[in-house]
Ligand code: SF4
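Residue numbers (this note's numbering): 2 to 197.
Below you can see the structure in the form of C-alpha cells.
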C-alpha cells in the first residue's frame, strides 16, 4: 500500500459502501451456515485462523482494514502496529522460522479480533468448508478449520459455503479501483498492512 493512500478520501465513497454491503452478505451467508451446523468459535483462541499467512489482494480491503485501527484507542492501535512491525521483521529475517510461523495476527487479543467490524473477507469466511468455481470452470474445495473438521464435520458432511459470488464481486471492485488508480495493488499480509 502506498503511503498516504487515499485513506481519508476513500471513506464514505461508493467503494466503501459497496464493500460494506458485500461484507454484510458474506456475514449473512456465514451466519446461516453456522446456525445450520451449530458451529461457533466460542472458546477458540483463533490461533489457527488468525495466522500470518493471510494475504489481502485488494486495495479496498486494505484501506478498510487500516481504517479499523482509527476506531481504536491509541494504546490498542499502537500495540497492534508495533506487534505487526515485529511480525514483518520476523518475516524479513526468516519467513520459514518459528518466530514468524508461530506468530498470530497482532489484532487478535486473547482470541478476539480488536478490529472485528473491519476484518477482511478471508477472516469473515474462515472456519467453514467452502468451494470456489474458478473462471476456467474448475471447482476448488477448501476444508474447515481444525475445530470444524474435528467437531462438526461428521454431523454436517456436505455443508459448504460457495465463495464464488463473493470473490467475483470483490474482484470487480478491485478492477474498478485499478482503472481509477491506473495501477495494480500489491498483495500484502495483514501484518504488512497494519504495520505500515
Ligand atoms: S484481522 Fe482479526 S479475524 Fe483477521 S486474522 Fe487478524 S485478528 Fe484474526
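Think of the CB as a built atom: it goes at the ideal place given N, C-alpha and C, for glycine as much as any other residue. Keep in mind the model is a prediction, meaning the values are calculated, not measured.
For residue 125 against residue 65, the beta-carbon gap comes to about 12 Å, at or over 8 Å, which does not count as contact. Distances taken from the Cβ of residue 45 to the heavy atoms of the ligand SF4 include none shorter than 8 Å. The Cβ atoms of residue 45 and residue 170 do not sit closer than 9 Å to each other.
DSSP lists 52 as the bridge partner or partners of residue 105. Between the alpha carbons of residue 52 and residue 182 lies a gap of roughly 30 Å. Here residue 190 is not near residue 60, since their CB atoms are 9 Å or more apart. Nearest in C-alpha terms to residue 196, of all of 137, 89, 104 and 28, is 89. Judged by beta-carbon spacing, residue 161 lies beyond the 9 Å limit of residue 136, meaning their Cβ atoms are not closer than that value. Inclusion of residue 155 and residue 39 in the CB contact set at 9 Å is not warranted, their separation being larger than that value.
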